[in-house]
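So this is what it looks like as structure tokens:
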């Protein structure tokens, strides 16, 4: 048994020994591989090490070797930056919770991320570290690293907690104090920061930065002298970015000490944050220059401050305005004072800026607001101002100098706080003159009456009386006008005035219009005999003197007056020559009359009186019983001047000549021609009745009856009733019984729409409607007249009907009427009226070539008034602008400026500024805009456009402040002109985008 047991035991032992030997060999082999992997890991050959660790981990049954291999595999993955490295480490911690390397894993990974600058990742792993098992040295390192990781991510509160744990550490204390000091500095706790920095100032590692921080801290603590000393000490040792900041600290410290000359070079060297300055930076350098009296340099800095809205900006704009004033740049100063006055940060600056803004607006003009309104606003805001008396005096004058009389009248009539009777008299007078110049005679008369309610200034009183009379004259209130002229003539204030120069002329015309011809002769004669008077007026007075003699049958004196007109050769020579010829007929000098008429026809073939002359020549031959010459002359008129109103009369007279010489067929031919060519005319009526006599004489009454049936324009059987009804209506018309006349003519036309007097009735009724401003009712009656053959009423009907369409801006209807009027007008003024309104109508219809052609026609007339001439030049200019011919437009606007007033002058002055801007003459362009603001502030459209132009000029002159401020104000104050506001917005956006490149205070999209 023993041997058997021994044999069994030996077999068991042999079996166990073999197994242990095998396990020992495997374990030994794993250790060798593990140690080789660890050696590679320690030599930073992480990838090769990771592969061997992975082999060991996969084969070993030893949990310790397995966990250590997993640890190093994860650690290598972290160092290699492999995807999922964090997950590997987390898997290690979860899989081997009892591993001795668990805490080391957290620290090791955190330290690795820390050393590679990945502080947020480092902090994530430091947060998982268990401090309990750490040595003192490990803890200090852990605290410092964790604090620094928080510091780099700007989590200062957490960073301070960890740094404070090692502030007394020998190894980490200095660094911790430095960072704690920096955080105190950043938190504006300068005393704490200074204390901490003092503790580490001897450390060479921090000395460079500490000097900068201490200079900045002393500056912020108000220790400016110390900040300067420390800044100057640090400046040579600083890097590029710190040099810029130190210059700022030194310069601003000198600035705060009032040492502006020393501040300037350092402020200049500041480069800004990220290459941009702020409004405050520009202000400080600008103010330093201002204090040195270098106003140009001050302006160049102040005017870069855009969109400022704080006390610094208000101060800057105020001193900018003062700088402009020192250099006599008043428009720029006005804008800057206005801006400062609109800010309430410093009340004293606001009040003084407001005062200066008001005064400058009075002096040079104000495109934003009526200068008078600015004065009133100032007086309302500062009722106890020491300057009140001065401002009230300027307010009175501003009403006159601004020429914005309409707003001035509103202020004077509606403002309870201010009432000055002298100012009221003047403003009402000047506003009346402005309205008179715009041909608004009714409103002009009202304002002259207002002026005359306050007879303070004798000269203004006299002038208001005169121009009230002129307005009445133009309103056809002749008797009132005459009273006004005579009153003016006797006033002391009238003596020596320009109006007094021509008073006899005006009175003469009034008497002439009143048909008081004897008195008219006296005054025309007195005026025309004075060689010192204006030649054009003398010429007209002589013409009217001749006419007055003529209508009173004093033909020889008339001939003498007409002769003087012909000798002066200034205008209306053809009219005088014609009237002289006619006058010979009335003194039984028919030979002289015929000779003069023939001479007239040859000398003035294009005169509007050439048809009159031919007709009168024919009549003279007829009166002298030279019927053949009469017939020939009438034929010449009929053939050459078919549009003349004398053609039907000439044809009728030819018919009568033929009838009286028993040439009945020729007579009938002529009478029928009158009826067919000129139906419904007085001549056609006479032609019908005379033709009846011819047919009776020829015994061909049936033929007459057959013919007259087809003449539908006359109701022969109702002739007596027709005449009676018309005469009743005409009587009311001639007696100025307007309402009764209207009713009577309406009744007549209802009964006899094609009656004997339908033409005249339609004309009279149209005139009545027109006079009572019932212009829509007048249209159809004027239409009736103009659609009939030419008559004595055609010309006036064309003028009135075209006027109605023009007032309605119905240019398509107006144009054909105006063209007819131009061709048919017997009176020069009607031709000028037609041509001037054709040019305007074609312009509105965008036919610029025709508009320009008619403007040239108007300008070719030497006797036109200045207002018509300026209208024509404006049209030439506008048409040229539309067609792109700016050279021609510039020349035309220059001509307008010489003679224009009111809105035309404002338009011309704006374009003067426009062309100067285009030529690069920016200063001269701004001067033109300033003149526009001062002299024509009432025309806000051109004022607004002028401001946009001024803004562009200022930006071209490197003054961004002026440009942006002006554009801002256009956008705020001129919303009634959307096109101008749109242009201003686009320009402002462009400028701000440019300025935002260098100014951090500018928002480019605002």
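Residue numbers (mature numbering (1 follows the signal peptide of the UniProt record, and there is no 0)): -21 to -1, 1 to 985. For each residue, glycine too, the CB sits at the ideal point set by N, CA and C. Nothing here was measured: the structure is a model prediction, and the numbers come from that model.
Taking 6 Å as the limit between beta carbons, can you name the residues of its chain near residue 277, skipping five residues before and five after?
Correct list, in chain order: 265, 268, 269 and 302.
Could you tell me the distance, in whole angstroms, from the CA atom of residue 738 to the CA atom of residue 770?
Spanning the two alpha carbons is a distance of roughly 9 Å.
In whole angstroms, give me the CA-to-CA distance for residue 807 and residue 587.
Roughly 8 Å between the two C-alpha positions.
Does DSSP put residue 895 in a helix, in a strand, or in coil?
Residue 895: helix per DSSP, three-state reduction.
Rounded to whole angstroms, what is the Cα-Cα separation between residue 634 and residue 757?
Looking at the backbone, the Cα of residue 634 and that of residue 757 are separated by about 36 Å.
Curious, which full-length beta strand (DSSP E) runs of at least 3 residues does the stretch 399 to 485 contain?
Qualifying beta strand (DSSP E) stretches: none in this window.
Return the chain-ordered list of same chain residues with a C-beta closer than 6 Å to the C-beta of residue 979, the five sequence neighbours on each side being excluded.
Counting only Cβ-Cβ distances below 6 Å, and skipping sequence neighbours, we find 255 and 257.
Once the 5 residues before and after residue 907 are set aside, which same chain residues still bring their CB inside 7 Å of it?
888, 891, 892 and 895, listed in sequence order.
Give, in chain order, every unbroken run of the alpha helix (DSSP H) that is at least 4 residues long and sits entirely within the stretch 737 to 789.
Along the stretch 737 to 789, the alpha helix (DSSP H) occurs as fully enclosed runs of 4 or more residues at 737 to 750, 754 to 765 and 773 to 786, listed in sequence order.
Tell me whether residue 47 is buried or exposed, calling it buried when 16 or more other Cβ atoms sit within 10 Å of its Cβ.
Residue 47 comes out buried.
Selected residue, minimal CA-CA separation from residue 273, among 243, 701 and 253
Considering only alpha carbons, the answer is 243.
Leaving out the 5 sequence neighbours to the left and right, which residues in its chain are closer than 8 Å to residue 437 when beta-carbon positions are compared?
The beta carbon of residue 437 lies closer than 8 Å to those of 470, 471 and 472 in the same chain, with the five residues before and after it left out.
Is it right to say residue 508 is buried, meaning 16 or more other beta carbons lie within 10 angstroms of its own, or is it exposed?
Classification for residue 508: exposed.
Fully enclosed by the stretch 633 to 709, which alpha helix (DSSP H) runs are 4 residues long or longer?
For the stretch 633 to 709, whole alpha helix (DSSP H) runs of length 4 or above, ordered along the chain, are 643 to 656, 661 to 677 and 680 to 688.
Sequence-distant residues of the same chain with beta carbon closer than 6 Å to residue 913, five excluded per side
The beta carbon of residue 913 sits closer than 6 Å to those of 343 and 344, all from its chain and outside the five residues before and after it, given in chain order.
Might you give, ordered along the chain, the residues of its own chain that have their beta carbon closer than 6 Å to the beta carbon of residue 86, omitting 5 neighbours on each side?
The residues are 108.
Residue 937 - DSSP class collapsed to helix/strand/coil
In the structure shown, residue 937 adopts coil according to DSSP, grouped into three states.
Quick check: the Cα distance between residue 695 and residue 705, rounded to an integer number of angstroms?
Per-residue confidence for residue 695 stands at a pLDDT of 48, beneath the threshold of 50, marking its modelled position as unreliable; no derived number is given.
So for residue 26, helix, strand or coil by DSSP?
Three-state DSSP puts residue 26 in a helix.
Euclidean distance between Cα positions of residue 728 and residue 950
Roughly 58 Å between the two C-alpha positions.
Short check: CB of residue 223 to CB of residue 250, under 8 Å?
Yes; because the gap between Cβ atoms is below 8 Å, this pair is in contact.
Please report the straight-line C-alpha distance between residue 309 and residue 340, rounded to a whole angstrom.
Put simply, the backbone Cα of residue 309 is about 9 Å away from that of residue 340.
Is there a C-beta anywhere in chain C that falls below 8 Å from the one on residue 616?
The chain labelled as chain C is not found in the depicted structure, where only one protein chain is given.
Where do the N-terminal and C-terminal ends of the alpha helix (DSSP H) with residue 269 fall, by residue?
Note, residue 269: alpha helix (DSSP H), 258 to 270.
In the DSSP assignment, what are the bridge partners of residue 252?
Note: residue 252 sits in a beta bridge opposite 255.
Just list the alpha helix (DSSP H) runs in the stretch 775 to 855, keeping only unbroken ones of 4 residues or longer that don't cross its boundaries, in chain order.
Contiguous alpha helix (DSSP H) elements confined to the stretch 775 to 855 occur at 790 to 803, 807 to 823 and 827 to 838, taking only those with 4 or more residues.
Inter-residue Cα distance where the pair is residue 566 and residue 538
Each residue's alpha carbon lies about 10 Å from the other.
Report the rounded CA-to-CA distance for residue 781 versus residue 792, giving the unit in angstroms.
Annotation: residue 781 to residue 792 spans about 8 Å, alpha carbon to alpha carbon.
Using a threshold of 8 Å, state whether the C-beta atoms of residue 467 and residue 484 are closer than that.
Taking 8 Å as the Cβ cut-off, residue 467 and residue 484 do not qualify as a contacting pair.
What does the alpha-carbon distance come out to for the pair residue 881 and residue 386?
C-alpha separation (whole angstroms): 15 Å.
Starting from the Cα of residue 521, find the closest Cα among 497, 490 and 555 and give me that residue.
Selected option, being the one with the closest Cα: 555.
Relative to the alpha-carbon of residue 403, which residue among 383, 422 and 378 has its alpha-carbon at the smallest distance?
Out of 383, 422 and 378, the CA that lies nearest to the CA of residue 403 is found in 378.
Where residue 95 falls, given that 16 or more other Cβ within 10 Å makes a residue buried
Exposed.
Backbone CA spacing between residue 641 and residue 624 [nearest angstrom]
Put simply, the backbone Cα of residue 641 is about 27 Å away from that of residue 624.
Specify the secondary structure class of residue 282 as computed by DSSP and reduced to three states.
Coil, per DSSP.
Could you give the C-beta distance for residue 776 and residue 815, rounded to a whole number, given that I count them as a contact under 8 Å?
Between residue 776 and residue 815, the beta carbon gap of about 19 Å keeps them out of contact (Cβ cut-off 8 Å).
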